[in-house]
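So the structure is just underneath, and the comments pick up after that.
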Amino acid sequence: MERDDIIQYQEDNELIAIRRNKLEALMAKGLNPFSRKKYQVTHNSKEVKEQFESLDGCEVSIAGRIMAKRGHGKASFCDIMDELGKIQLYVKMDEVGPEAYELFRDLDIGDILGVIGTVFKTHSGEISVKVKTFELLAKSLRPLPEKWHGLQDPDLRYRQRYLDLIMNDKVKETFVTRSRIIKAMRNFLDARGYLEVETPVLQTTAGGAAARPFITHHNALDIDMYLRIATELHLKRLIIGGFEKVYEIGRIFRNEGMDIKHNPEFTTIELYEAYCDYHDMMDLTERLITYIAQEVLGTLKITYQGQEIDLTLPWRRMRMVDAIKEFTGEDFQAVSSDDQARALARRLGVEIKDSDTRGNVINAVFETFVEKHLVQPTFILDYPIEVSPLAKRTDYDPMMTERFELFITGREMANAFSELNDPLDQRQRFIMQAKQRAAGDEEAHMMDEDFVMAMEYGMPPTGGLGIGVDRLVMLFTDSYSIRDVILFPTMRPKTSQ
RNA sequence: GACCCAUUAGCUCAGGCGGUAGAGCACUUGACUUUUAAUCAAGGUGUCCGGGGUUCGAGUCCCCGAUGGGUCACCA
1 MERDDIIQYQ EDNELIAIRR NKLEALMAKG LNPFSRKKYQ VTHNSKEVKE
51 QFESLDGCEV SIAGRIMAKR GHGKASFCDI MDELGKIQLY VKMDEVGPEA
101 YELFRDLDIG DILGVIGTVF KTHSGEISVK VKTFELLAKS LRPLPEKWHG
151 LQDPDLRYRQ RYLDLIMNDK VKETFVTRSR IIKAMRNFLD ARGYLEVETP
201 VLQTTAGGAA ARPFITHHNA LDIDMYLRIA TELHLKRLII GGFEKVYEIG
251 RIFRNEGMDI KHNPEFTTIE LYEAYCDYHD MMDLTERLIT YIAQEVLGTL
301 KITYQGQEID LTLPWRRMRM VDAIKEFTGE DFQAVSSDDQ ARALARRLGV
351 EIKDSDTRGN VINAVFETFV EKHLVQPTFI LDYPIEVSPL AKRTDYDPMM
401 TERFELFITG REMANAFSEL NDPLDQRQRF IMQAKQRAAG DEEAHMMDED
451 FVMAMEYGMP PTGGLGIGVD RLVMLFTDSY SIRDVILFPT MRPKTSQ
């Protein structure tokens with residue numbers, strides 16, 4: 001749209017036109033509401049309320065957005081909202097003078113206001129500020145959503161998150177909690193001597209997970225590059241380099257479907273500790289998540305979408321084959337051939353391809369029959385090698401790996417291995433993945449020669465752990481959708497009509 | 001990707017069998033110096049998501065498309 005068209009379009013809306021006229025009237029009086037560069041604030045709304053006893057009668061300077069106005073002739077009330085809440089202003093013509101009072105009457109809900117006044121309590125007991133002087137710090141040119149119901153339309157809530165934040169208190173809370181969860185993670189790991197590092201987002205080989213990457217192009221090098229699908233392989237290079245405890249909290253990008261649990265970009269924390277195995281990682285996972293729960297929620301008993309979740313330690317630990325046995329009665333540890341495994345799975349009603357091997361079958365049966373039942377925190381141990389190309393084999397079965405996933409509310413929350421450190425085996429695993437890739441599996445791992453070479457210099461036995469931060473935040477904030485814990489979730493662009 | 005549902009005023013929502021669109025909030029004007037979903041009086045809201053079709057007549061029925069939500073599939 002041309003600029004004139006935009007202006008025309010806005011003026012087509014009566015409510016916007018009225019506000020633009022008010023703006024012009026202010027400008028005509030030489031009062032540009034956008035000229036203020038700063039405003040000295042002495043207190044926020046919460047402080048005024050919490051420290052009322054000592055502030056009663058004192059002068060304070062506060063600022064915020066007008067959320068409601070109640071006029072009473074020559075006096076008015078209005079509510080302004082700052083980051084920590086709302087507080088009522090009382091504006092009397094006798095106090096501010098007739099000219100200023102007229103200006104105040106023309107203010108709109110949504111305007112950003114700075115005021116100086118004295119703290120007092122109204123007859124009905126509401127802690128308020130009696131305004132002496134006020135200043136319009138920014139004019140709002142568009143009407144806010146309805147005050148009582150807030151903004152409900154999910155499309156608008158995600159596209160215009162700022163409106164969601166202004167109108168819906170709980171939303172702000174969720175994102176404050178998200179920040180506190182991440183801070184607690186850092187505190188926990190930093191206190192244990194972990195080093196926080198940053199590894200490349202732009203990569204020439206996207207490794208460390210089974211997922212389709214986003215592809216972009218680097219002009220100067222004239223090469224396609226991938227956005228990372230995991231932080232894993234670079235963090236392990238750092239273990240090879242001699243750091244013994246590292247972690248990264250970072251954005252990951254996967255070119256997959258979107259739903260209630262998946263956003264194309266999301267956040268993980270991965271950590272690696274030399275000379276540890278996956279049992280140590282299980283202990284660490286328990287301590288980390290319960291620490292966060294205590295720090296952020298102050299309890300280990302939480303409710304997620306009506307389900308009671310008890311994080312009290314220790315959490316259940318069971319091998320994948322044993323879990324399958326518990327929920328289906330079938331013992332896949334006793335199954336030795338691929339044919340036998342496929343036949344057994346098909347008897348259970350699981351769709352299996354002829355090319356699927358025993359490990360793929362076990363994984364598919366697990367996902368079909370077990371996952372959804374793992375509501376209380378449960379570690380599932382020992383994953384088939386086919387789906388775990390970066391994990392060490394178990395001692396008891398060379399086709400199983402020392403890998404666990406943590407499930408809570410039937411969802412995967414964490415994934416960890418005794419990291420494979422045998423470069424010869426690692427190369428074989430990549431070759432196996434490359435075959436699957438060649439056969440059309442776009443999510444199979446890419447061969448990463450550079451990573452194998454690094455491993456050839458010698459990598460200590462290492463435990464590694466990855467946690468889906470968004471899902472953890474969902475659990476701790478009782479959020480139904482991943483979009484409720486990501487400030488600006490991915491949205492299809494609105495086409496202009 | 002498949003299926004189901006939704007889309008009506010700035011926002012939250014009603015609109016029976018197809019007869020030309022409503023409420024509340026917000027807004028405008030007026031009254032009101034302790035209200036708080038303030039109150040009282042009066043007033044204007046509109047690309048009924050877009051495009052076709054059926055019909056004398058479509059917000060309503062049919063088809064195509066857009067966006068969102070949900071379920072399933074895949075993934076974390």
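The opening position of the first sequence corresponds to residue 1 in the numbering used here, with each subsequent residue numbered one higher. Even for Gly, the Cβ is constructed at its ideal location relative to N, Cα and C. Quick caveat: nothing in here was measured; it's all calculated off a predicted structure.
The alpha helix (DSSP H) enclosing residue i, as first and last residue numbers
{"i": "S45", "result": "45 to 50"}
{"i": "Y162", "result": "161 to 167"}
{"i": "L288", "result": "278 to 296"}
{"i": "G359", "result": "358 to 369"}
{"i": "M93", "result": "93 to 96"}
{"i": "D470", "result": "469 to 477"}
{"i": "T328", "result": "320 to 328"}
The beta strand (DSSP E) enclosing residue i, as first and last residue numbers
{"i": "P460", "result": "Neither: P460 is in no beta strand (DSSP E) and is coded neither H nor E."}
{"i": "Y383", "result": "378 to 384"}
{"i": "D224", "result": "223 to 227"}
{"i": "K245", "result": "245 to 253"}
{"i": "E419", "result": "411 to 419"}
For residue i, the three-state DSSP class (helix, strand or coil)
{"i": "H445", "result": "coil"}
{"i": "L313", "result": "coil"}
{"i": "R393", "result": "strand"}
{"i": "E402", "result": "strand"}
{"i": "N13", "result": "coil"}
{"i": "E232", "result": "helix"}
{"i": "R427", "result": "helix"}
{"i": "V129", "result": "strand"}
{"i": "Q152", "result": "coil"}
{"i": "V350", "result": "coil"}
{"i": "E146", "result": "coil"}
{"i": "E2", "result": "Legend: pLDDT at E2 = 37, less than 50; position of this residue unreliable, value from coordinates given subsequently. Three-state DSSP puts E2 in coil, outside helix and strand."}
{"i": "Q88", "result": "strand"}
{"i": "V41", "result": "coil"}
{"i": "Q436", "result": "helix"}
{"i": "V375", "result": "coil"}
{"i": "A75", "result": "strand"}
{"i": "K69", "result": "strand"}
{"i": "R105", "result": "helix"}
{"i": "L465", "result": "strand"}
{"i": "R186", "result": "helix"}
{"i": "V115", "result": "strand"}
{"i": "F451", "result": "helix"}
Residue j beta carbon less than 8 Å from that of residue i
{"i": "L233", "j": "E270", "result": "no"}
{"i": "T312", "j": "L300", "result": "yes"}
{"i": "I112", "j": "L144", "result": "no"}
{"i": "K46", "j": "L84", "result": "yes"}
{"i": "V350", "j": "A334", "result": "no"}
{"i": "T394", "j": "E402", "result": "yes"}
{"i": "I252", "j": "E244", "result": "no"}
{"i": "M281", "j": "L136", "result": "no"}
{"i": "A211", "j": "E443", "result": "yes"}
{"i": "D356", "j": "R342", "result": "yes"}
{"i": "V361", "j": "F327", "result": "no"}
{"i": "D322", "j": "S418", "result": "no"}
{"i": "S61", "j": "V48", "result": "no"}
{"i": "G250", "j": "D448", "result": "no"}
Buried versus exposed call for residue i [16 or more other C-beta atoms within 10 Å across all chains shown]
{"i": "T490", "result": "exposed"}
{"i": "G383", "result": "A small correction: the amino acid at residue 383 is Tyr; Gly does not occupy that position in the sequence shown. So Y383 counts as buried."}
{"i": "Y275", "result": "exposed"}
{"i": "G359", "result": "buried"}
{"i": "K105", "result": "With the sequence shown as reference, residue 105 is identified as Arg, and Lys is not the correct amino acid for it. Classification for R105: exposed."}
{"i": "D164", "result": "buried"}
{"i": "G114", "result": "buried"}
{"i": "P154", "result": "exposed"}
{"i": "E239", "result": "Note that residue 239 corresponds to Ile in the displayed sequence, not to Glu. It is buried - the Cβ of I239 has at least 16 other Cβ atoms within 10 Å."}
Proximity test, residue i beta-carbon vs the ligand NAD heavy atom, cut-off 7 Å
{"i": "L487", "result": "Among the ligands in the structure shown, none appear at all, so the ligand NAD cannot be discussed."}
Stretch-stretch touch, CB-based, cutoff 8 Å, three pairs: the stretch 107 to 125 with the stretch 447 to 459: Output reads no: the stretch 447 to 459 does not touch the stretch 107 to 125.
contact_flag[the stretch 430 to 443, the stretch 188 to 201] where n(CB pairs < 8 Å) is 3 or more: no
Pairing CB atoms from the stretch 471 to 478 with CB atoms from the stretch 171 to 185, are three or more of them under 8 Å? yes
When you compare the stretch 480 to 487 with the stretch 258 to 270, are there three or more beta-carbon pairs, one atom per stretch, that lie closer than 8 Å? With a cut-off of 8 Å, the stretch 258 to 270 and the stretch 480 to 487 count as touching, because enough Cβ pairs lie within range.
Could you tell me whether the stretch 370 to 380 touches the stretch 399 to 414, using the rule of 3 or more Cβ pairs below 8 Å? yes
Would you call the stretch 49 to 57 and the stretch 29 to 37 in contact, with 3 or more CB pairs under 8 Å? Too few Cβ pairs lie closer than 8 Å, so no.
Can we say the stretch 73 to 80 touches the stretch 88 to 97, given the rule of at least three CB pairs closer than 8 Å? yes
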